[in-house]
Amino acid sequence: MKPVGAIGTNCYIVFDTDSDICAVIDPGAQGDKIAAALTEHGLKPAYILLTHGHYDHIGGVNQLRKAFPEAKLAIGEKDAEQLQDLEKSLAASHGFPGRGYIMEADQLLSDGDQIEVGPLTFTVIDTPGHTLGCVTYRCGDLLFTGDALFRGSVGRTDLYGGSYSVLMDSVHKLAGLEGNLHVLPGHGLDSTLEEERLHNPYLRKRSDDDLY
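Numbering (my numbering) for the sequence shown: 1 to 212.
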């Protein structure tokens with residue numbers, strides 16, 4: 001994990017030590033530096049996986065694709081429009097009006113899709129609410145939650161495509177996954193699913209019948 005950009009978006013490079021093939025998750029800025037780090041470690045990105053289409057999660061994509069044109073860009077189907085719209089991606093309103101925030105995905109994702117990256121498999125989990133098409137990626141015991149679930153909190157819902165009730169459904173869906181998965185969010189510190197079940201106020205039981 002390496003925070004990139006002015007607001008510290010967590011960018012993840014995920015690979016198996018027996019392979020030089022990797023996935024890059026949410027290259028939000030500094031795509032040239034991410035590309036240099038990949039080259040330094042002899043890694044080749046097969047996929048650039050976006051949890052959603054906000055500017056702070058996509059800002060490094062075009063630089064990274066220039067360095068690795070074979071890497072496929074994937075995003076949740078309902079967030080694809082953000083890659084073509086500077087207002088919906090929030091790039092324009094945050095002072096980033098340039099073409100660096102316009103791009104086209106190679107693959108649109110739906111719940112349950114699986115992406116093979118070398119020996120690794122990423123399973124797509126729809127987790128809308130922060131945006132219309134936010135997705136979480138599960139790879140083994142790793143859970144890349146983007147801006148849906150944070151350590152001790154959840155993503156904001158007052159932006160385009162946001163919905164508090166939908167987000168609550170999404171984070172409770174994650175809380176219901178079996179096992180103590182490693183939560184790797186889009187901002188801030190990592191956590192575990194069990195830690196969030198116990199201490200995240202947004203994951204408190206909705207009723208006495210709710211069991212995680």
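By construction, the Cβ of each residue, glycine as well, lies at the ideal position given by its N, Cα and C atoms.
Can you pull the DSSP bridge partners for H182?
L142 and T192
Please say whether I25 and T9 have beta carbons closer to each other than 8 Å?
no
Given a cut-off of 8 Å on the beta-carbon distance, is the pair V124 and Y137 in contact?
yes
Output needed for V166: all residues of its chain with C-beta closer than 6 Å, excluding positions within five of it in sequence on either side, in chain order.
P128 and G129
When you compare only the Cα positions, how much space is there between A91 and G31?
16 Å
Option nearest T145 by Cα separation, candidates V117, H57, L83 and M103
H57
Given the structure, does L167 come close to the ligand NAP, in the sense that its CB is under 7 Å from one of the ligand's heavy atoms?
Absence of the ligand NAP from the depicted structure is noted, as is the absence of any ligand whatsoever, leaving it without description.
Output the boundary residues of the beta strand (DSSP E) element that contains T123.
L120 to D126
A74 by DSSP, collapsed to three states: which one?
strand
State the DSSP-derived secondary structure class of D208, mapped to helix, strand or coil.
For D208, the pLDDT reaches just 47, beneath the cut-off of 50, and the residue's location in the model is therefore unreliable, although a value from the coordinates is still provided. Three-state result, D208: coil.
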